[in-house]
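To keep things clear, I will list the structure first and then write my remarks on it.
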Amino acid sequence: MKNTIKIERAIKNMTQESLAIEIGVSRQTINSIEKNRYIPSTVLALKISKIFDKSVNEIFELEEED
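Residues in the sequence shown are numbered consecutively from 472, following the numbering used here.
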């Protein structure tokens, strides 16, 4: 699954740490999601989409092999 979290953070001038604090996870979790090593839960994906004021589908996209 691809995601645009790194881009969205850059647009909002947010660090991984500041995003993590806002949604209640560790910075390492944000890093793992950005690097496609961890697929977030539905609740976490919804929290991330709310922070960036975008739909989940705008931030997360399935790849062919998913």
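Positions of the beta carbon are idealized from the N, C-alpha and C atoms, including for glycine.
| Query | Result |
| --- | --- |
| Classify residue 534 as helix, strand or coil using the three-state DSSP reduction. | coil |
| Can you tell which of 495, 477, 484 has its C-alpha closest to the C-alpha of residue 502? | 477 |
| Mind checking who residue 474 pairs with in its DSSP beta bridge? | 531 |
| Which residues in the same chain as residue 491 place their Cβ atom closer than 7 Å to its Cβ, once the five residues preceding and following it in sequence are excluded? | 497, 498, 500, 501 |
| First and last residue of the alpha helix (DSSP H) that includes residue 508? | Unbroken run through residue 508: none, as it is neither H nor E. |
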